[in-house]
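**Student:**
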Amino acid sequence: MPKTGGNAVDIELTINGERTTVEAGSADDLATVLRQHGYIGVKCGCDGGTCGASKVFIDGEVRMACGMAATDADGSEIRTVAALGTQADLHPVQQAFVDNFAVQCGFCIPGMVIQAVALLDSNPDPTEQEVREALDDNVCRCTGYQKPVEAVLDAAGRMQGEQSVAADGGRPVTVPPHGDESTSCCGGGCDE
Amino acid sequence: MSNDDETPKADGGTASQSETVEDGRSEEHPLEWDEPENNDKAPDERDSVSHRTEKYDDRKLVTGQAKYTADYEERYPDLAYAAVVRSDIPHGHVTDIDTSAAEAMDGVDAVLTPESDAVPDTKYTSAGQSYPEPSPWDMHVLNKHVRYIGDPIAAVAAEDRATATAAVEAIEVSYEEYDYVTDPEDAFDEDAPQLFEGSEVENEIVGHDYDCNRMAHIGGELGDVDAALDGHTHVHETEWETIRQSHANVEKHTSLAYTNEDDRHVLITSTQVPNHTRRQLAHLFDIPIRDIRVTKPRVGGGFGGKQAMVVEPIPLALSLATDRPVLYEASREEEFYAMRSRHPMKVKARTAVTDDGDIEAIDIYALSNTGAYGSHGMTVAGNVGSKPMPLYSKVPNARFEADIVHTNTPQTGAMRGYGAPQGTLALEGHLDEVARDLGLDPIEFRRRHHMEVGDLDEIAGMMGGEGANRRIRSCGLDECIERGKDAIGYDDLEQPDEDHLHRGIGMALSAQGTGVAGDELGAAQIMMNEDGSFHLQVGGVDIGTGADTAFLQIAAEVLGCDEDDIIVKSSDTDVTPFDYGAYASSTTYISGMAVKKAAEDAKARILDWGAKLLDEPVGDLETGDGTVYSETSGDSVTLEDIGYEAAYGDDEREHILGKGTHCTEESPPPFAAQFADVTVDETTGEFEVHKLVVAVDCGVAINPGMAEGQIEGANHMSYEMAVSDGITLDEKGRAEVADFDEYGLPSATETPPIESILVETHEPTGPFGAKSVAEVPTNTVPPALSNAVRDAVGVRIREMPITAEKIKTKLDERET
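Those protein sequences? They're chains V and D, same order as listed. The first sequence lines up with residues 1 to 192 when you count with UniProt numbering. The second sequence lines up with residues 1 to 816 when you count with UniProt numbering.
This is how it looks when you write it as structure tokens:
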């Protein structure tokens, strides 16, 4: 059972296209509630609303899910990183992050990918400076932002190409080399 | 991402060593290295190594499906959540802990204090180093004598996070307050408040004097530095100061503990050092090592901060007390005030230089503030000298000394670079100043003196490290300098049109190590499946570095298979072979060599089976493209056919297993040449960094894309040291930073473009010629930027961070 903080109420959410009723405590932030329902791509790196790792689309706008009360999201439509692409068929932004070695520990990446998708939706051909401004409240400790910025610029090129030629992320779709949950180096709980 | 951890054994290194070193050690450290023929492959012979292979875990990471420790929450329906009561005073004795209100709260399962049965009273260090530990045992899991604002006093387990937090707030702690000291120079005074009685510390470090808060004193000398300083007219002395930097790993320290159905005490934890953590927990809780299982899932960055066993004892104690799984996830505020940080230091550099511009002596002294406890205090300070000084190993007289001092401030620890950033700032800033003062080109001045292939580095040895002298067998410094100069546009720098704007370029060199010389162990095992695929079990720890991918590439290069045919398991102390863990830039070099040996062991068995199936001599066979093929007949048999035959054959059968274990006395330095391009406004002191260029010799980059990422990330961390305040403290030593928006981590718009250049050399002691990469570019931006500002407007900033105000003040001073 999900564990709630404070008095629990039911809220209605549409998460990645699925309508659902979830229990949320008055003290719970939206990131906690989404994570409790399995959306672990919503990451929590700060004490609320400063690192960008929990970014999701809420009614089309990018928000840090950890920075808002879950009850305030009642009735909204939420899209998380899980709605973008699958391991076998990545979104062009995700594919560009992979191909440009923009991912190290990966903890900030779902939030960065969400922000990059939002940028390219509104500005399909951004300058480097515009990409940096878009990512300005996404904290990344591993990469120095160099390769993420290059990845977003690369994704912009791929997506512009996509408009004229139907394509995926710019690389042939392949079976993910190690995509199966059962073979992940999960490290934990392998005695389950 | 790791940190260095070399261990000067004592403070007794003396000049007399150098008299015997020259001849004797030459034989011990020959230039020629007995390298296996297959270790040195030309670029076009490499099938997997030095390819930009897709990172093993990337598809899971970009889709948000990868699991970090906190993501295991859902597997444990009866999970309890931990929170910690921490000291609110800088120094004192806890006289009472009133837990009654917390214990009466609904949903509170346990409240632990220093007196609780489940809480060990054993002294320990959280350092996460090898054994015997070169850090003092001066800590307790929960404390009655508190020494900084943040010291843990009590711990709570509750049904949910909010209740755990509320319970912590409901606990009343009473103190007898003691005098406190937060400045390391004040702490050195004999009248200063004393943090430890000597008798309170076990496993003390040589040179300690707790009466004046000195945790350790280390040093060593080659030649006669004082004589050299007396004998030359050009003697320069400069002093430098560095910030208290946070690791700022975006995944917070997180640990989940439970006891499973087989009575195994399991920790799923965000650590760099599963095996050291297991050993330290066994020591603390008096549980046999074999009964503890430490596993690490994906880790959201470490940078040295997760080498420390910062959180693990808390959930384990609570889990033992409640008989439930317990998750402890530090808050971001705790990350800044109660986890670990880089040691702030003051470093003095002195040199003696002849009229001809030859450096006759280098003398470095560091005063390191280790904070309330001593983990990594001595070893980090040692690396202030032992990493940067070998760059100038031709200099005949060299001395390094350091005092490591306790204050009532947050704990420090291992952090990427591990003392080298502090030493590199002092030495590379100093030499730049000397060159400019003597009218010499700063780059040419470095070129005349820097390390080369064939040199014998005696610096680590001078500090008492047995056998720590190194013969240099790979060095790409000259090429690093040349390519860096080209990339930054050194020779055709254009000045801005406006008279008040001045543009300058600064350079700094750096060397690091690759693993702790003589104090590493890595191991790996490869199991072949009947379909010709493999399981690689390796203790080497991927904390976001891409180590799993590097291991795959090394194994695939040997086995002649596709990387996709190998499954990596790392790391789980019940399953994966022993490894010291991810620190000291050791993973690719040490654990990677263990993987190579394991793959070669498996390959030998595969070739035997190939010989049998092809009916050809083993000596004619090789692996490649998923087959064993004959170099004479051209016939081949697939690895899958071999796998089935070995597992299910008619007459004899075998599970094809390869094992490898690696340790070495070697620790070859990687090298970096850093360039910074800056424009300074002389009216305001404001400056803009246009670009950072860093050229790195890491031997053969196993995966160039990942290596570039390491370099750029390290340079960003280094840039932060040059321009940010770090964790500032108030007068009581309380961290003034509680969340990312208050911490000066340069954002995407605040970070200049970083150009990374890989300069390939071949290091014969490393797997396929590799040496380390992740730390050396962490050391270089503060001196390069200080040098660039000096180049632009002629003033020198020695106290980090470099700010417009400091530059303006210096410019104003110069005018008056």
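Heads up, the beta-carbon is just placed ideally off N, CA and C, and yes, glycines get one too.
Buried or exposed for Thr394 (chain D), please, with buried defined as at least 16 other CB atoms from any protein chain shown within 10 angstroms of its CB.
**Tutor:** The sequence shown places Lys at residue 394 (chain D), rather than the Thr named in the question. Lys394 (chain D) comes out exposed.
**Student:** Would you list the one or two residues that DSSP bridges to Ser636 (chain D)?
**Tutor:** In the DSSP output, where bridge partners are listed per residue, Ser636 (chain D) has D:Tyr629.
**Student:** Tell me the rounded alpha-carbon separation between Leu438 (chain D) and Glu401 (chain D).
**Tutor:** Cα to Cα, Leu438 (chain D) sits roughly 27 angstroms from Glu401 (chain D).
**Student:** Closer than 7 angstroms between beta carbons: that is the criterion. Which residues of the segment 710-742 of chain D meet it against chain V?
**Tutor:** Against chain V - using a Cβ distance shorter than 7 angstroms - the residues of the segment 710-742 of chain D are Glu712, Gly713, Asn715, His716, Asp739, Phe740, Asp741.
**Student:** Less than 8 angstroms between the CB atoms is what I'm expecting for Met721 (chain D) and Met593 (chain D), so what's the real figure, rounded?
**Tutor:** Contact flag wrong, Cβ pair sits at about 31 angstroms.
**Student:** Can you tell me whether Gln674 (chain D) is buried or exposed, with buried defined as 16 or more other CB within 10 angstroms of its CB?
**Tutor:** Buried, because 16 or more other Cβ atoms sit within 10 Å of the Cβ of Gln674 (chain D).
**Student:** Go ahead and pull the three-state DSSP assignment for Tyr583 (chain D).
**Tutor:** Note: Tyr583 (chain D) maps to coil in three-state DSSP.
**Student:** So, does the CB of Ile754 (chain D) fall closer than 7 angstroms to a CB anywhere in chain V?
**Tutor:** Chain V contact via Cβ: present.
**Student:** Please report the distance separating the alpha-carbon of Pro77 (chain D) from that of Thr322 (chain D).
**Tutor:** Using only the alpha carbons, I get a separation of about 15 angstroms.
**Student:** Kindly say whether Ala673 (chain D), judged by its beta-carbon, lies nearer than 7 angstroms to any beta-carbon of chain V.
**Tutor:** It does not: the Cβ of Ala673 (chain D) has no partner Cβ on chain V nearer than 7 angstroms.
**Student:** Got a sec? Which residues, its chain only, sit under 8 angstroms from Val152 (chain V) by beta carbon, not counting five neighbours each side?
**Tutor:** Excluding sequence neighbours, Val152 (chain V) sits near Val93, Ala96, Ala116, Leu119, Leu120, Pro126, Val131, Ala134, Leu135.
**Student:** By the 7 angstroms beta-carbon criterion, what residues does the segment 90-123 of chain V contribute toward chain D?
**Tutor:** Listed by position, the residues of the segment 90-123 of chain V near chain D (Cβ gap below 7 angstroms) are Leu90, Gln94, Phe97, Val98, Phe101, Val103, Gln104, Cys105, Gly106, Phe107, Cys108, Ile109, Pro110, Val113.
**Student:** For Thr165 (chain D), I'd like the list of residues in its chain whose CB is within less than 7 angstroms of its CB, leaving aside the five on either flank, ordered along the chain.
**Tutor:** So the qualifying residues of the chain are Ala83.
**Student:** How many Å lie between Glu61 (chain V) and Glu18 (chain V) at the Cα?
**Tutor:** About 18 angstroms.
**Student:** Are the beta-carbon atoms of Ile702 (chain D) and Ala770 (chain D) separated by less than 7 angstroms?
**Tutor:** Against a cut-off of 7 angstroms, the Cβ pair of Ala770 (chain D) and Ile702 (chain D) comes out as a contact.
**Student:** Of all Cβ atoms in chain D, is any one closer than 7 angstroms to the Cβ of Thr20 (chain V)?
**Tutor:** So, not an interface residue.
**Student:** May I have the straight-line CA-CA distance separating Ile505 (chain D) from Asn779 (chain D), to the nearest angstrom?
**Tutor:** Approximately 17 angstroms between the Cα atoms of the pair.
**Student:** Measure the C-alpha to C-alpha separation of Ser164 (chain V) and Tyr56 (chain D) and round it to an integer number of angstroms.
**Tutor:** Any reading at Ser164 (chain V) needs caution, since the residue's pLDDT is 42, under 50, leaving its predicted position unreliable; the model's value is listed next. Using only the alpha carbons, I get a separation of about 32 angstroms.
**Student:** Apply the 10 Å Cβ neighbour rule to Ile289 (chain D) and answer buried if 16 or more other Cβ atoms are within range, or exposed otherwise.
**Tutor:** So Ile289 (chain D) ends up on the exposed side.
**Student:** Measure the CB-CB distance between Gly626 (chain D) and Leu639 (chain D) and report whether it falls below 7 angstroms.
**Tutor:** The answer is yes: Cβ separation under 7 angstroms.
**Student:** Would you report the Cα separation of Gly170 (chain V) and Arg158 (chain V), rounded to the nearest angstrom?
**Tutor:** No answer about Gly170 (chain V) holds up, because its pLDDT of 42 lies below 50 and its placement is not dependable.
**Student:** Grab the span of the beta strand (DSSP E) containing Trp240 (chain D) for me, first residue to last.
**Tutor:** Unbroken beta strand (DSSP E) run through Trp240 (chain D): 234-241.
**Student:** How many Å lie between Asp44 (chain D) and Glu35 (chain D) at the Cα?
**Tutor:** Cα to Cα, the separation comes out at about 20 angstroms.
**Student:** Please classify Ser341 (chain D): does DSSP put it in a helix, a strand, or coil?
**Tutor:** Strand, per DSSP.
**Student:** Would the beta-carbon of Pro315 (chain D) fall within 7 angstroms of that of Tyr328 (chain D)?
**Tutor:** The answer is yes: Cβ separation under 7 angstroms.
**Student:** Can you tell me the Cα-Cα spacing of Phe336 (chain D) and Gly304 (chain D), whole angstroms?
**Tutor:** Each residue's alpha carbon lies about 14 angstroms from the other.
**Student:** Strictly below 7 angstroms CB to CB, what residues from chain V border Asn275 (chain D)?
**Tutor:** The premise fails here: Asn275 (chain D) is roughly 13 angstroms from chain V at the closest Cβ pair, so nothing lies under 7 angstroms.
**Student:** Span of the beta strand (DSSP E) holding Asn369 (chain D)?
**Tutor:** Start and end: 359-371.
**Student:** According to DSSP, what are the bridge partners of Asp96 (chain D)?
**Tutor:** Asp96 (chain D) is bridged to D:Ser174.
**Student:** Consider the Cβ of Cys46 (chain V): report whether some Cβ of chain D lies at a distance smaller than 7 angstroms.
**Tutor:** Yes - at least one Cβ of chain D is within 7 angstroms of the one on Cys46 (chain V).
**Student:** Measuring alpha carbon to alpha carbon, tell me which residue in D:Tyr583, D:His502, D:Met528 is nearest Gly522 (chain D).
**Tutor:** When only C-alpha atoms are compared, the closest one is D:Tyr583.
**Student:** List the residues of chain D that Cys51 (chain V) touches, going by C-beta distances under 7 angstroms, in chain order.
**Tutor:** Correct list: Val250, Phe740.
**Student:** Exposed or buried, what is Glu22 (chain D) when buried is set at 16 or more other beta-carbons lying within 10 Å of its beta-carbon?
**Tutor:** Here the model assigns Glu22 (chain D) a pLDDT of 43, short of 50, so the residue's position is not dependable, and the following value carries that caveat. So Glu22 (chain D) counts as exposed.
**Student:** Check whether the segment 102-122 of chain D and the segment 154-170 of chain D touch, using three or more Cβ-Cβ pairs below 8 angstroms as the test.
**Tutor:** Contact between the segment 102-122 of chain D and the segment 154-170 of chain D is present, because at least three Cβ pairs lie under 8 angstroms.
**Student:** Is the CB of Ser533 (chain D) under 7 angstroms away from at least one CB in chain V?
**Tutor:** No - not a single Cβ of chain V is within 7 angstroms of the one on Ser533 (chain D).
**Student:** Does the beta-carbon distance from Ser386 (chain D) to Ala517 (chain D) come in below 7 angstroms?
**Tutor:** It is not a contact, given that the beta carbons lie outside the stated cut-off.
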